[in-house]
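Chains A and B, in that order, are what the protein sequence lines are.
The UniProt record's numbering applies: residue 1 is where the first sequence begins, and numbers increase by one.
The UniProt record's numbering applies: residue 1 is where the second sequence begins, and numbers increase by one.
Ideal Cβ positions, reconstructed from N, Cα and C, are used throughout, including at glycine.
Just so you know, these numbers come straight off a predicted model, no measurement behind them.
Following: one structure in structure tokens, then a few remarks.
2 protein chains.
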Amino acid sequence: MQAVGMVVEYNPFHNGHRYFLNQARQITGADVTVAVMSGNFTQRGEPTIVDKWARAKAALESGVDLVVELPVFYTVQPAHRFAAGALAILDALQVHRVAFGAEHPAWDFPALVAAEQRFNQAGFDQYNATYATQFNQQLWAQTGLELRDPNDILAFAYTKAVLANHYPIQLTPVQRQGSDYHDRTIHGRIASASAVRRAVAAGTEFFATVPPAMRTALAQVDQVPDWASLYPLLRNQLIQAPLGYLAATYQMAEGLEHRMKEVAQRSLTFDDFIHGVKTKRYTYAHLLRMCLYTTLQLSEEEVAARVDHPYIHILGFNKRGQEYLHQVKKMVPVPLFTKVSQGMRDGFYNLDYRAGKLYQHFTPVEQDLKHPPLMIR
Amino acid sequence: MQAVGMVVEYNPFHNGHRYFLNQARQITGADVTVAVMSGNFTQRGEPTIVDKWARAKAALESGVDLVVELPVFYTVQPAHRFAAGALAILDALQVHRVAFGAEHPAWDFPALVAAEQRFNQAGFDQYNATYATQFNQQLWAQTGLELRDPNDILAFAYTKAVLANHYPIQLTPVQRQGSDYHDRTIHGRIASASAVRRAVAAGTEFFATVPPAMRTALAQVDQVPDWASLYPLLRNQLIQAPLGYLAATYQMAEGLEHRMKEVAQRSLTFDDFIHGVKTKRYTYAHLLRMCLYTTLQLSEEEVAARVDHPYIHILGFNKRGQEYLHQVKKMVPVPLFTKVSQGMRDGFYNLDYRAGKLYQHFTPVEQDLKHPPLMIR
């Protein structure tokens, strides 16, 4: 059996995802589809609209054969680390084709990766500009291209990860169709994930855009999970923890802990907080990730201990996915498991467990401990 | 001017407190009344029903001349540390008479304090009994008396603090009148503070039991502040913080951090949590204090650095209180201030500031920074 892998958030799973799934299967001729999916928090550090189990269920019922979880320390990361983590998981699962939506599938991404090798470190010394802006300035100077679209940024990151690790993975960009990422409203059966989330939040119609399993889950969403709800936890951490402890947070740099503490002390709402903290130096995505790292008390030390040791938490599968697992499991060089034991909870899986506990702010459902995998006929 | 001091929580201020105030003034013949009052958390570690400003205001409008705040590291403590801290403040304020409600004013408390000196350390080795139980076993053996009533326990603690520190303070026990501490319902104009709190929570009548300023404040209480509301903050801290960090919490001993983390992971409500943590070893009051220490991330180190350095935060005064302050201020050997500056916030006052920020869970009112004192004509 040949597999095609996909790196997904499914936040929520919608018709566009189903369309892409079928395209990926057709183009690659794969027998089985494997999705490595963000857990309960997205790459941007935000809680997902429904939990990972509801999203995995909708994916399986829509034809994905196997869904595994992307660990938090790979998910909540800038594109290059996110992509590298996801490909490490897919490579371990013996997946040799990876399909992804692309804005410019014809671009020569290996050439862009090569161009980055020639970047000048001095080109990253502007403290009033984001890393991405300075990256694009240099890329433009070298190649006449810029990575603006999120899909292009990920395509670049996948290419870089494959080349750097010599993965036996063939990357398959698929021209994006239908609704744009940034589309704010729903028209027709294909809508962007953010348009669907907005409709759920506003209580407007979205049923046509998602498959039945997702309809059921989204219909139960009372209040869309967001940082406004988690802010009391973040605020208390920023106020109560000593500066030295906050400074040890993963990616905390340039004295940002002082700014975050100061602004938290005077901000009663998340909106006031995030606008108070924002500078030209950092993107909102970076700051949202810092909010999550801080709330999870994630330290540089903890990430360093985990990041080179992937593991694979299987969220669910159908018959074909199960057969594939049987075929590859002896070749998978990392821990592969369907149930989180107490030992895993207190050991290598602890960060994902803690993220699941934080997500319990939005649901009483235990996210991990002894949770059985989904099995779909 | 001669002052009489009182150690109070005023949670809320009610007619019984006013009655006691007048008695204290009459019995001692004092010209001025000074209350050292718990801030936004009580001795038991619970948030007060309204904030310290509303409680101080009601006290001043009912005839207390000067209200100062008892710092958190003195307030949220077992009786002996609570009493010692309060008397340190009153002594610094040159108060030489202290009045307090007593169940058994005729008992020879100095003799009981002397008896404690003869206690056997081996009498405190039962791990399935609270400290208080073992204390009373020894006291009974030596004197035939037990300290059961909260007023007796405090009377003992005041006596011990005066003797140990050679304070020039005359203790004046006042026989308690009217409603019992443990009375659960309101009948008449005198009710216990807990009965008033219960009436506010239940939305039943309490107006007759409190003076006008307290009526106004209590009428605005939508939901009575409690640990159920703060539990998400406590739970997140117990789940996210490493065990080693939790172990450094003030008073965390005998591996309690393991138990608290384990129970927090599985408990979605504070009720489940506190019952899951309770053992014969610890009283609920002790565990509630541990909850507060944990949520404030209060370390042994921080308490050690602060506990021997009292300071006096003046919450409010009337004309007589102001005159008294003028009379004594040159003799007060510790910092005495009416407004919390940014330097104090980040320095010696930081723990009280953090407690105030935690209390902001219940009110948008800034509790400390640059808050002016109350001045009543």
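Practice item. Would you list, in chain order, the members of the stretch 234-256 of chain A that have their beta-carbon closer than 7 Å to a beta-carbon of chain B? Key: N236, I239, Q240 and A241
**Study point:** Through-space distance from B/E302 to B/E9, alpha-carbon basis
**Key:** 24 Å
**Study point:** Distance CB(A/P105)-CB(A/P173) smaller than 8 Å
**Key:** yes
Review point. Rounded to the nearest angstrom, how far is the Cβ of B/A99 from that of B/A24, given a contact under 8 Å?
Key: 4 Å
**Study point:** Closest residue to B/D226 among B/T209, B/I274 and B/Q251 (Cα-Cα distance)
**Key:** B/I274
Point to revise | Where the stretch 356-372 of chain B meets chain A: residues whose CB sits under 9 Å from a CB there | key: K357, L358, Q360, H361, P364, E366 and L369
Review point. To the nearest angstrom, how far is it from the Cα of A/A92 to the Cα of A/P373?
Key: 19 Å
Practice item. Just list the alpha helix (DSSP H) runs in the stretch 240-265 of chain B, keeping only unbroken ones of 4 residues or longer that don't cross its boundaries, in chain order. Key: 243-247
Practice item. Return helix, strand or coil for B/P110, following the three-state DSSP convention. Key: helix
**Study point:** B/L351 versus B/G343 - alpha carbon distance
**Key:** 13 Å
Review point. Which of helix, strand or coil does DSSP assign to B/V328?
Key: helix
**Study point:** Chain-ordered residues of the stretch 263-278 of chain A with a beta carbon less than 9 Å from chain B
**Key:** A264, Q265, R266 and L268
Exercise for review: Please classify A/T279: is it buried, with 16 or more other beta-carbons within 10 angstroms of its beta-carbon, or exposed?
Suggested key: exposed
Practice item. Pick helix, strand or coil for B/M37, following the three-state DSSP scheme. Key: strand
Check your understanding: So B/T75 is in the alpha helix (DSSP H); what residue range does that whole segment cover?
Key -> V72 to T75
Review point. Could one say the Cβ of B/Q297 lies closer than 8 Å to chain A's Cβ atoms, at least one of them?
Key: yes
**Study point:** Candidates B/T216, B/A111 and B/A193: closest to B/T48 by CA position
**Key:** B/A193
Exercise for review: Pick helix, strand or coil for A/T133, following the three-state DSSP scheme.
Suggested key: helix
Review point. Taking 8 Å as the CB-CB cut-off, is B/A184 touching chain A?
Key: Note that residue 184 of chain B is Arg in the sequence shown, not Ala. For B/R184, the answer is no, since every Cβ of chain A falls outside 8 Å of its Cβ.
Review point. Between which two residues does the alpha helix (DSSP H) carrying A/G343 extend?
Key: Q342 to D346
Exercise for review: Quickly, what does DSSP pair A/H166 with across the bridge? List them, please.
Suggested key: Partner(s): none; A/H166 has no beta bridge.
Practice item. Give, in chain order, every unbroken run of the beta strand (DSSP E) that is at least 3 residues long and sits entirely within the stretch 8-61 of chain B. Key: 32-38
**Study point:** Extent of the continuous beta strand (DSSP E) run through B/H371
**Key:** That residue, B/H371, is in no beta strand (DSSP E); it is neither H nor E in DSSP.
Check your understanding: Taking the alpha carbon of A/A79 as the point to measure from, which residue in A/V334, A/L147 and A/R345 has its own alpha carbon closest?
Key -> A/L147
Review point. What are the partner residues of residue 399 of chain B, as DSSP defines its beta bridges?
Key: No information on residue 399 of chain B is available, as it lies outside the stretch 1 to 377 that chain B covers here.
Check your understanding: Name the chain A residues whose beta carbon is nearer than 7 Å to that of residue 427 of chain B?
Key -> Since the first residue of chain B shown is 1 and the last is 377, residue 427 of chain B is not available in this structure.
**Study point:** Chain-ordered neighbours of A/P232 on chain B, where CB pairs are closer than 8 Å
**Key:** P232, L233 and H361
Review point. Does the distance from the C-beta atom of A/L315 to that of A/V68 stay below 8 Å?
Key: yes
Point to revise | Touch test, the stretch 281-298 of chain A against the stretch 126-138 of chain A, Cβ-Cβ under 8 Å, three pairs minimum | key: yes
Review point. Does DSSP put B/E366 in a helix, in a strand, or in coil?
Key: coil
Point to revise | Spatial neighbours of B/G101 in its chain, beta-carbon cut-off 7 Å, leaving aside the 5 residues before and after | key: F20, N151, V174 and R176
Check your understanding: Which one or two residues does DSSP pair with residue 379 of chain A in a beta bridge?
Key -> Shown here, chain A extends from 1 to 377; a query on residue 379 of chain A therefore has no answer.
Practice item. Note down the Cα distance separating B/L325 from B/R81, rounded to an integer number of angstroms. Key: 26 Å
Practice item. Have a look at A/M115 and A/E300 and give me their C-alpha separation to the nearest angstrom. Key: It should be noted that the sequence gives Ala, not Met, for residue 115 of chain A. So the two alpha carbons sit approximately 30 Å from each other.
Review point. By DSSP, does A/A3 sit in helix, in strand, or in coil?
Key: strand
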